[in-house]
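For any residue, its number in the numbering used here is found by taking its place in the sequence shown, counting from 1, and adding 91.
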Amino acid sequence: MNDVTVAIMAGGKSSRMGTDKSFVLFQGRPLIEVVLERVAGLGAETLLVTNNPPAYAHLGLPMFSDVLPDNGPLGGIYTAVLRAAHPYVLVVACDMPWLNPALLRYQLDLRHTADIVVPRWEKFPEPLHAVYSKACLPAIEANLEAQMLKITSFFGRVQVRFVNREEIEKVDEDGRSFANLNTPDELQSAQKKTED
């Protein structure tokens, strides 16, 4: 899709994992490589938002550190949308090994209908599995300036298209796409599920 940038958020502290989540092994490969494989071909550009660019240099991708540091995931989304070369940005987290390309394509197909296309699973939006347009930048910037850092806190000021459970279940019946790995126990459990 030639008007889409894929942005992988790899800027978290990984404090619960105890090591950089991007490089923990999942199915024998670094998690970041699994995520990159899942999003391959979905955009004209793929970039990383990370505060540790040297660790990712071997991937050969454009990398950006947070434009406004210490603002959590909202600051990372802002950086991704601001730095993206294209008007629509598919934002995903680096710790989601079961990203479903069919669901991501479905969201991207809806990108012209709203400023944000975000799945809603278990009643909650999944903002690190969403498509953002550059039209979101003023609202995100205002929230960052006001230190309102909850990602969804700016949703009321932009047009949002929620992808509801019924739509999601057509391609991902158990919502596995949204599972992320934050702790060694979650990683071990995920490895077991994959082996079963």
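Idealized CB from N, CA, C, for every residue including glycine. Keep in mind the model is a prediction, meaning the values are calculated, not measured.
Rounded to whole angstroms, what is the Cα-Cα separation between R256 and P164?
24 Å
Exercise. How big is the Cα-Cα spacing for L219 and P145?
Worked result: 23 Å
**Q.** Nearest residue (CA-CA) to V222, options H203, W212 and Q238
**A.** H203
**Prompt:** According to DSSP, is M108 helix, strand or coil?
**Reply:** Note that M108 scores 46 on pLDDT, short of 50, meaning its location in the model is unreliable and no value can be drawn from it.
For F215, which beta-bridge partners are listed by DSSP?
-> W212
Exposure label - L116; buried when at least 16 CB within 10 Å = exposed
N- and C-terminal bounds of the alpha helix (DSSP H) containing L228
L228 to E236
>> For Y169 and G119, I'd like the C-alpha separation in whole angstroms.
In response: 32 Å
With V254 as the anchor, note down where its beta strand (DSSP E) starts and where it stops. V251 to V254
Original post:
Should the stretch 127-139 be called in touch with the stretch 94-101, which here means at least 3 C-beta pairs below 8 Å?
Top reply: yes
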